Amino acid sequence: MLEKLTNRLRNKKLTYQEDRAMTQMKYATLLSARKEGAFDDLIEEVEKDLVEGYDAQGAITNELVSKMEQKLMPLREEAKQFEMLCVAHAHIDMNWQWGWDETVGITLDTFRTMLQIMREYDDFTFSQSQGSLYKIVETYDPEMLEEIKQRVAEGRWEITASTWVEADKNMPSGESQTRQLLYTKKYLSQLFNQPLDSFNLDFEPDTFGHSINTPEILTKAGVKYYYHCRGRKEGPTLYRWQSPSGAEIIVNWEAQFYNAFIHSDMCLCVPDLADRTHIPSVLKVYGVGDHGGGPTRRDIERIKDVATWPIYPKVKFSTYREYFEIVEKHRDQLPIEVQEQNFICDGCYSSQSRIKKGNKASENGLYEAELFSTWAAVTQGARYPQQSFEKAWKSVLFNQFHDILTGSGVDATRDYALGLYQEVAATTNTNKKLALQKIAQQIHTADFVVSEGEDEPGLAYGAGAGSSQYENGTGKNRIYHVFNPTMQARQEVIELMIWEWPYDHERMLFTNEQGEVVTHQVLEKDFNHYWGHNYLKVALEVDVPACGYATYMLTEQAMERVKVSYWHEKRTQNEPCYTLENEKIKVVFNSLDGSIDSMIDKATGKEMIDAARKSGIFRLVDEADHKEITDEGTGMSSWFVGRYKHIEWIHQNLEITSAAGTLRSQIAYELSFRNSKLKVIVSLDKGSSHLEFKVECDWQEVGRLGKGVPQLQFYMPLHDSCEMYHYDVPFGKVTRQALDLDLPGNNYIYGEGKDGSTGVMLMSKVGYGFRGVDNSLTLTLLRSSYDPDPCPEYGINHLEFGLGVMQSSNPKVLHDYVQKYNHEMTVVTGLRQQGKLNPRHSFVAFESQTSVVSCIKGAEEGDRSFIVRFYEMEGKIDTITLICPERIKHAYWTDINEQKVAYKEELRVEDIILKMVIQPYQIGTVKIVLE
89 MLEKLTNRLR
99 NKKLTYQEDR
109 AMTQMKYATL
119 LSARKEGAFD
129 DLIEEVEKDL
139 VEGYDAQGAI
149 TNELVSKMEQ
159 KLMPLREEAK
169 QFEMLCVAHA
179 HIDMNWQWGW
189 DETVGITLDT
199 FRTMLQIMRE
209 YDDFTFSQSQ
219 GSLYKIVETY
229 DPEMLEEIKQ
239 RVAEGRWEIT
249 ASTWVEADKN
259 MPSGESQTRQ
269 LLYTKKYLSQ
279 LFNQPLDSFN
289 LDFEPDTFGH
299 SINTPEILTK
309 AGVKYYYHCR
319 GRKEGPTLYR
329 WQSPSGAEII
339 VNWEAQFYNA
349 FIHSDMCLCV
359 PDLADRTHIP
369 SVLKVYGVGD
379 HGGGPTRRDI
389 ERIKDVATWP
399 IYPKVKFSTY
409 REYFEIVEKH
419 RDQLPIEVQE
429 QNFICDGCYS
439 SQSRIKKGNK
449 ASENGLYEAE
459 LFSTWAAVTQ
469 GARYPQQSFE
479 KAWKSVLFNQ
489 FHDILTGSGV
499 DATRDYALGL
509 YQEVAATTNT
519 NKKLALQKIA
529 QQIHTADFVV
539 SEGEDEPGLA
549 YGAGAGSSQY
559 ENGTGKNRIY
569 HVFNPTMQAR
579 QEVIELMIWE
589 WPYDHERMLF
599 TNEQGEVVTH
609 QVLEKDFNHY
619 WGHNYLKVAL
629 EVDVPACGYA
639 TYMLTEQAME
649 RVKVSYWHEK
659 RTQNEPCYTL
669 ENEKIKVVFN
679 SLDGSIDSMI
689 DKATGKEMID
699 AARKSGIFRL
709 VDEADHKEIT
719 DEGTGMSSWF
729 VGRYKHIEWI
739 HQNLEITSAA
749 GTLRSQIAYE
759 LSFRNSKLKV
769 IVSLDKGSSH
779 LEFKVECDWQ
789 EVGRLGKGVP
799 QLQFYMPLHD
809 SCEMYHYDVP
819 FGKVTRQALD
829 LDLPGNNYIY
839 GEGKDGSTGV
849 MLMSKVGYGF
859 RGVDNSLTLT
869 LLRSSYDPDP
879 CPEYGINHLE
889 FGLGVMQSSN
899 PKVLHDYVQK
909 YNHEMTVVTG
919 LRQQGKLNPR
929 HSFVAFESQT
939 SVVSCIKGAE
949 EGDRSFIVRF
959 YEMEGKIDTI
969 TLICPERIKH
979 AYWTDINEQK
989 VAYKEELRVE
999 DIILKMVIQP
1009 YQIGTVKIVL
1019 E
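Take a look at the structure:
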């Protein structure tokens, strides 16, 4: 059908009349097909008229179109049963291929154009996401903001922002995703005087995949609807997406594309979409995007024009709110989806690694700063720096935009992001230190036994300014408070910096608050120099309660006898030993190439590696340019990891050394490959289940089109067969089948042993791109993608990751271990003093079987109040006991917005104890007010 008419109009630019005729004729054939050809004879007759008219006149004229439409009037009712809701938006990429100044200009120019169009067209409506865009307007053009407020009040400007930016949904932590919602909805509600629940759409058109707990996170913030384009290739376009918790949102998966113009043939998909969803109303999103712009006058005129065509769906300017209200009426008939909406853009889990490191460090730093600032506020009356934390969070949230955190921007993108991370670090480090010092000033240490004689004055006081450990003490007697930010008691080895201690290192003595001697190990033979001061690194075996601190004292042991020295010279030679061993694991390194020859779990005697393959090694991979997924077959190297076309063995001609100690042992090696160099320190602490890798890489590799992308990765083959691999994701863990792709994990990939036995976990402080395939674990460390940033990793890179042996795949066990890995304990130097706090103390106890804490922070409103957020990990109903630092006045459940909500699970308060129950896989947020 329409073959003759199509042949007449093929290979030519259609006139308006030809386009109008052809579009309506095509639409008519679709309508007839739905009625089993009921209108086929009529359509053929009309086609005959058009062809004859075209042949006679050389064109389709207005008269021919008018006659065609009149003859097709029997289809009008059928055509108008469908409705297209046209929603205008402007896709504004934050700092994608430009800097911050251009993002500001794009935003203001786009919004100025939209306001002008609104003045010209009374029925035009516009929708805009991303809370940060409104902050730009407020900051740089407050007069424009007033006009936007007027249009919002009229209902013509729809705010579709419930997040600060259109953020990545795989790499940011679950807590980060709650802050996207908390701070955005709070800001917009105050700015536009709108209720919090009016911001109920999460608009994520370009986000590269969507984590499985997204519905749970959104519903806990009052978000009911979701719009996305990427992350799936087939299936229903309208569906109810459920998290493992059962939380559910209505999702529109864009069937076309979010950056779109208005074309007359947009109607042709309407009958099919309506049939698939069983809803006669179809969403049409339009507007120029990426670099802003939004809809044009041409788009608007076309909408107004096609709305008058008789054989065409009803067409109107609309909003997402109107569309989802229609869909809501059909909720029960929508299919249910339960899986994560992934994967796309696997290169984005590792590209521009410095941004990834910045995000991880910022998230972890904010967790610790908020936690300790909360305790300083509620127990010591310190000021809680809420505004500083909110500002820092907004910087982190901005950088989680789907073209920033993903590493798919230019050098200006990267530079601006790293600048924001420096500001965040200044905020977190300063406020954490202030809070800990405030607490330390109240710790009673006067009863510590010191060495005989008065403390001698020295240079120590004030030494280490700006370092991780600042010295308050002086003389030979020093006090150290060790703070634990995790919810688990910890017995492990920490590293101290001992400033200006010119005494006998061999008589160095550490004791705890009970006066018991604590094991230590001097890590270096001599002092290090730091801006006019000297320090010594010492490993100390500590025992610190959960979410609390312990106190230790350094002194000089009394001399029992005169030391007699003899000439020292090595007179025998021992066989070199390149083995790291403690109570839990034994790891043997190859002396020739530094690879791991054996990794034994001492609890079971099980070998963890595949002896047939080189294990625990760095590999240089050359990725091919060709990528099946891109339209051009090449390019987009930062977005996609190319096929491995060459894997180079780089562990050659290396220098390797070993050092054994009572608390910490290490292997160090250096190697060169192509134009780059690698310095690796692998350490194992007493009581630890993992090897700590600290790497300095002078990366001089550059990718180019035609050459491919050089990649540095860490590779660990496993002894057992692995069909499935475990990854941690925002607020949970998922199990995925083996795939020869980089997949996202917040912190780790875990290869489970046969029949659930001991497995291997690879943890990252670098990036998020892990690969579990062929019974092996891989972590992508550096990629020299070449577009849009030609040199994303060039120069010195510091990389940290851990390789551990775990006894089970229990998600809480893995989570708790990774939390300790991510959150090192913090040391604050103290003084001998009177105080009201014990030398050893826990501020809070969180007792649960299957749940973990996401944050403890000061409440957005109210004095002596704080928020505890947690989530259940194992799919079980969990009873939680929270022991607070002081008597509880009252406590209640809140949503993510910190608004009181009613749950069937009541909270029980008993003096300082709060008891609560959480349902499987749910997020819980509780506000606690102390007396």
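Start counting at 1 in the sequence shown, then tack on 88, and there's your number in our numbering. Beta carbons are placed, not taken as given, at the ideal position from N, Cα and C, and that holds for glycine. Since the model is a prediction, treat every value here as computed from it, not as a measurement.
- No Cβ-Cβ contact shorter than 9 angstroms links Asn985 with Val906.
- Residue state for Val941 is assigned as strand, using DSSP reduced to three classes.
- The shortest CA-to-CA distance from Ala646 to any of Thr103, Thr750, Asn565 is the one to Asn565.
- Excluding the 5 residues flanking it on each side, Lys159 has same chain C-beta neighbours closer than 8 angstroms at Leu130, Glu133, Val134, Asp137, in chain order.
- In this structure, Phe170 and Pro359 form a Cβ contact; the two beta carbons are roughly 7 angstroms apart against a cut-off of 8 angstroms.
- CA-to-CA, the gap between Gln801 and His734 works out to about 13 angstroms.
- Three or more pairs of CB atoms, one per stretch, sit closer than 8 angstroms, so the stretch 379 to 393 contacts the stretch 349 to 365.
- Assignment of beta strand (DSSP E) within the stretch 217 to 243, counting only whole runs of 3 or more residues, yields no such run.
- Runs of alpha helix (DSSP H) with 4 or more residues, each lying fully within the stretch 251 to 319, are found at 262 to 280, 302 to 307, listed in chain order.
- Judged by DSSP in its simplified three-state form, Gln788 adopts coil rather than helix or strand.
- Shown here, Gln440 sits in coil according to DSSP, grouped into three states, outside any helix or strand.
- Scanning Gly146, Gly125, Trp186 for the CA closest to the CA of Leu163 turns up Gly125.
- At the C-beta level, Thr574 and Lys908 come within 9 angstroms of one another.
- For Ile673 against Asp689, the beta-carbon gap comes to about 6 angstroms, under 8 angstroms, which counts as contact.
- Boundaries of the beta strand (DSSP E) harbouring Asp685: 684 to 689, taken from the DSSP string.
- In the displayed model, Val768 falls within a strand according to three-state DSSP.
- Using a 10 angstroms sphere on the CB of Lys842, the tally of other CB atoms stays under 16, which defines it as exposed.
- Rounded to the nearest whole angstrom, the CA to CA distance from Tyr838 to Thr501 is 33 angstroms.
- In this structure, DSSP gives Arg701 a state outside helix and strand, which the three-state scheme calls coil.
- For Ser936 against Ile968, the beta-carbon gap comes to about 4 angstroms, under 8 angstroms, which counts as contact.
- Put simply, the backbone Cα of Ser277 is about 49 angstroms away from that of Gly561.
- Put simply, the backbone Cα of Ser760 is about 12 angstroms away from that of Glu789.
- By DSSP's assignment, Cys174 forms a beta bridge with Lys372, Phe405.
- With contacts defined by Cβ atoms closer than 9 angstroms, Arg320 and Phe296 do not form a contacting pair.
- Per the Cβ contact rule, the stretch 746 to 761 is in contact with the stretch 668 to 684 (3 or more Cβ pairs under 8 angstroms).
- Counting only residues of its own chain and dropping the five nearest sequence neighbours on each side, Met206 has a CB closer than 8 angstroms to the CB of Phe212, Phe214, Arg239, Arg244, Trp245.
- Assigned with DSSP and collapsed to three states, Gln421 falls in helix.
- In the DSSP annotation of this structure, Asn835 is not part of any alpha helix (DSSP H), being labelled neither H nor E.
- A straight-line Cα-Cα distance of about 20 angstroms links Pro368 and Tyr314.
- Across the structure, Cys355 and Lys114 are spaced so that their CA atoms are roughly 9 angstroms apart.
- Annotation for Thr914: Phe571 place their beta carbon closer than 6 angstroms to its own, counting only its chain and skipping 5 residues before and after.
- Non-local C-beta neighbours of Val339 in its own chain, meaning closer than 6 angstroms and more than five positions away in sequence, comprise Tyr314, Tyr327, Trp329, ordered along the chain.
- In the DSSP assignment, Pro798 falls within the beta strand (DSSP E) that extends over 797 to 805.
- In terms of Cβ geometry, Pro880 and Gly495 form a close pair [threshold 9 angstroms].
- Boundaries of the alpha helix (DSSP H) harbouring Glu132: 128 to 145, taken from the DSSP string.
- Take Asn301, set aside five residues on each side of it, and the residues of its chain with a beta-carbon closer than 6 angstroms to its own are Ser331, Pro818, Phe819, Gly820, in chain order.
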